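These notes concern the structure reproduced below.
There are 4 protein chains.
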Amino acid sequence: MSGTLNKVMLIGHLGDEVKIHYFEGGNCIARFPLATNETYTNRQTGEKVTNTEWHNIVVRNKAAEICEKYLSKGDKVYVEGRLKNRQWQGEDGNMRYTTEVHVQDFTFLTTKNESLQNTQMQGTAPQNEPSRPSAPEVPIDDTEEDDDLPF
Amino acid sequence: MSGTLNKVMLIGHLGDEVKIHYFEGGNCIARFPLATNETYTNRQTGEKVTNTEWHNIVVRNKAAEICEKYLSKGDKVYVEGRLKNRQWQGEDGNMRYTTEVHVQDFTFLTTKNESLQNTQMQGTAPQNEPSRPSAPEVPIDDTEEDDDLPF
Amino acid sequence: MSGTLNKVMLIGHLGDEVKIHYFEGGNCIARFPLATNETYTNRQTGEKVTNTEWHNIVVRNKAAEICEKYLSKGDKVYVEGRLKNRQWQGEDGNMRYTTEVHVQDFTFLTTKNESLQNTQMQGTAPQNEPSRPSAPEVPIDDTEEDDDLPF
Amino acid sequence: MSGTLNKVMLIGHLGDEVKIHYFEGGNCIARFPLATNETYTNRQTGEKVTNTEWHNIVVRNKAAEICEKYLSKGDKVYVEGRLKNRQWQGEDGNMRYTTEVHVQDFTFLTTKNESLQNTQMQGTAPQNEPSRPSAPEVPIDDTEEDDDLPF
DNA sequence: TTTT
DNA sequence: TTTT
């Protein structure tokens with residue numbers, strides 16, 4: 001315990017399909033962009049303004065596979081996780097910086113693919129899913145042996 | 001996954017010592033009251049008002065033991081968990097209802113017992129601690145075989 | 001500022017219609033039950049178990065009227081607020097205790113009444129709505145002159 | 001209402017002093033870096049690893065002035081807000097991207113400057129402070145007329 | 001009393 | 001690039 005807290009909670013829509021990448025050891029990582037919207041009225045002009053924020057969502061291993069299987073562009077989802085900054089060297093030699101949301105928990109709020117109905121139940125059991133009183137049947141290997149890969 | 005969310009996040013002070021109870025199988029449960037305060041100014045009278053809410057905190061197994069070991073009355077702590085309603089029959093034959101916060105994660109914000117400094121690191125690794133990329137060294141048995149006990 | 005935090009975040013379904021009550025000064029309060037579900041597999045028996053928790057949701061003034069207008073039994077909603085304990089004397093003379101969630105923010109995730117489409121935009125502007133950069137057009141009177149009424 | 005949620009909750013330590021900037025109309029914006037830590041044990045090597053994430057915190061107007069007045073490098077604070085991405089053109093002509101946490105609520109968890117004790121009460125009344133039953137005495141102008149400035 |  |  002470090003006495004700190006790093007928590008993000010988002011409800012938004014997928015702006016694109018889930019992209020998954022498998023590592024040699026069998027681990028995998030999934031990524032997708034998530035849009036949240038804010039609407040307000042400009043006080044000076046009186047016009048209604050909508051701002052969209054795009055978030056880089058990152059999911060690992062079993063949870064990644066569930067997302068890849070059941071989520072599609074446009075779906076609404078709740079994700080909970082941590083902010084993580086990542087840097088890498090761009091092709092032009094300059095450093096690039098990105099902030100990602102590394103998912104610890106999620107729940108589907110709509111899915112276009114309605115075939116998941118029953119499967120959906122275990123769909124919310126990501127890595128070390130905190131809201132499960134009993135242990136998940138499938139042990140999830142969370143080893144971050146990919147940590148220095150440019151993802 | 002059920003498509004729902006049940007989350008509570010509190011920062012408050014312990015109103016009493018942690019009380020722990022061990023079950024036969026080795027499981028245990030710890031309880032303590034946590035106070036949060038709200039201060040506002042009454043618009044009509046202009047006086048400052050402070051309201052204190054008391055929350056029933058429930059922690060299980062390894063996390064319970066960490067709390068019992070390191071937290072004391074007056075300590076400040078962050079807890080995250082789920083709301084759970086519990087009912088039982090009182091001595092007068094009437095049903096009693098209580099709402100509890102079942103802890104999934106926590107972090108110490110102050111402790112009177114400063115001896116924990118180093119131990120503190122694993123102090124924040126409750127059951128299925130979600131913010132850990134690697135697995136906790138000690139597997140935590142979360143079996144709720146005590147679920148129908150009146151706690 | 002009191003150095004404490006009292007926050008609840010729920011996604012659930014309304015178990016009943018919104019009940020609204022108006023006070024003399026024009027203030028009002030709305031209440032509805034909200035269900036969250038938890039599903040897990042019993043480790044011993046292998047059977048799937050679903051637990052439902054019921055939460056007492058309380059909304060005030062303008063936000064209350066929006067809820068009453070647009071939410072119906074069965075709708076899914078996100079609510080954010082504070083835990084508040086309330087006690088009152090029952091008809092049998094015994095004290096009763098309830099824990100409520102006093103809403104500070106909310107967003108509709110589905111509504112059966114689809115006629116709200118456009119109105120919905122301001123539907124998420126409860127009292128002192130925090131996610132609005134510009135001020136809401138309608139000042140909301142939040143005076144808690146009803147605090148000792150048995151609601 | 002947009003049916004989305006964009007929420008960040010952090011407990012961390014200030015990595016530097018609060019920097020405040022005043023605009024012509026009297027509005028102001030404060031910024032400071034906030035560190036959160038994550039500690040875990042590498043499963044392969046068995047060594048303990050600590051990761052620090054740095055977050056760009058942005059506060060506006062009255063809340064900004066309170067932060068500037070009472071927070072110092074090293075202080076621990078809870079902040080709640082929204083993720084906001086900002087881009088601007090760097091001196092080299094390349095676009096720069098940053099993710100910021102725009103604060104909606106906060107509470108001091110420690111302060112080196114203990115003189116605030118009493119003042120602290122209003123220290124937690126940022127813009128449209130959601131946890132206040134009564135209205136703040138000082139109306140806060142939240143107009144974002146500075147939105148296209150490179151902050 | 002909700003929902004999947 | 002989402003959604004309402």
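Residue numbers (the UniProt record's numbering), protein chains in the order written: chain A, 1 to 151; chain B, 1 to 151; chain C, 1 to 151; chain D, 1 to 151.
By construction, the Cβ of each residue, glycine as well, lies at the ideal position given by its N, Cα and C atoms.
Fair warning: this is a prediction, and the values are worked out from it, not measured in the lab.
Residue burial is scored here from C-beta neighbours: histidine 21 of chain B has fewer than 16 other C-beta atoms within 10 angstroms and is therefore classed as exposed.
Residue pairing for alanine 63 of chain D: DSSP places it in no beta bridge. Residues of the region 55 to 76 of chain D with a C-beta atom less than 8 angstroms from some C-beta of chain A are His55, Lys76, listed in chain order.
Lysine 69 of chain C carries a helical assignment under DSSP once its states are collapsed to helix, strand and coil. Counting along the chain, no beta strand (DSSP E) covers phenylalanine 23 of chain A, and no H or E run does either. For glycine 12 of chain A, the three-state secondary structure derived from DSSP is strand.
Contact of glycine 12 of chain A with chain D by beta-carbon distance below 7 angstroms involves Thr4.
Rounded to whole angstroms, leucine 34 of chain D and asparagine 94 of chain B show a C-alpha spacing of 51 angstroms.
Not flagged as an interface residue toward chain A: threonine 111 of chain D, since no C-beta distance is shorter than 8 angstroms. Under the three-state reduction of DSSP, asparagine 94 of chain C is assigned to coil, being neither helix nor strand.
Threonine 99 of chain B belongs to the set of residues whose beta carbon lies under 8 angstroms from a beta carbon in chain C. Proximity to glutamate 80 of chain B across B:Arg96, B:His102, B:Asp92 peaks at B:His102, based on C-alpha coordinates. The contact set of asparagine 85 of chain D on chain A, defined by CB atoms closer than 9 angstroms, consists of Glu53, Trp54, His55, Thr99 in chain order. DSSP places glutamate 80 of chain C inside the beta strand (DSSP E), whose first and last residues are 76 to 89. Within the DSSP bridge table, the entry for asparagine 51 of chain B names B:Glu38 as partners. For arginine 31 of chain B, DSSP records a beta bridge to B:Lys19, B:Val58.
Under the Cβ distance rule, asparagine 94 of chain B counts among the residues neighbouring chain C, one pair being separated by less than 8 angstroms. Nearest C-alpha to glycine 74 of chain A among A:Thr4, A:Gly26, A:Phe108: A:Phe108.
Taking the beta carbon of tyrosine 78 of chain D as reference, the chain C residues within 8 angstroms of it are Leu5, listed in sequence order.
Contact of phenylalanine 108 of chain A with chain B is assigned, a C-beta pair being separated by under 8 angstroms.
Each residue's CA atom was taken as its position, placing glycine 46 of chain B and lysine 7 of chain D some 33 angstroms apart. In the DSSP secondary-structure assignment, leucine 5 of chain A is bridged to D:Ile11. Minimum Cα-Cα distance from aspartate 16 of chain B among the listed residues B:Ala63, B:Trp54, B:Gly25 corresponds to B:Trp54.
Interface annotation for the region 20 to 41 of chain B against chain C: Ala35, Thr36, Asn37, Glu38, Thr39, criterion Cβ-Cβ distance under 8 angstroms. In this structure, threonine 99 of chain B lies near threonine 99 of chain C, with their beta-carbon atoms less than 8 angstroms apart. In terms of beta-carbon proximity, valine 8 of chain D lines the interface with chain A, with at least one pair separated by less than 8 angstroms.
Tyrosine 40 of chain C and valine 49 of chain C have their C-alpha atoms roughly 5 angstroms apart. The C-beta of glutamine 104 of chain C has 16 or more other C-beta atoms within 10 Å across all chains shown, which makes the residue buried. Around the Cβ of phenylalanine 32 of chain D, a 10 Å sphere holds 16 or more other Cβ atoms; the residue is buried. Glycine 12 of chain D counts as buried, since at least 16 other C-beta atoms from the protein chains shown sit within 10 angstroms of its C-beta. At least 8 angstroms separates the beta-carbon of leucine 5 of chain D from that of valine 77 of chain D.
DSSP, read as helix, strand or coil, puts glutamine 44 of chain D in coil. Annotation for methionine 9 of chain B: Glu80 place their beta carbon closer than 6 angstroms to its own, counting only its chain and skipping 5 residues before and after. Valine 58 of chain D and isoleucine 29 of chain D have their alpha carbons spaced roughly 7 angstroms apart.
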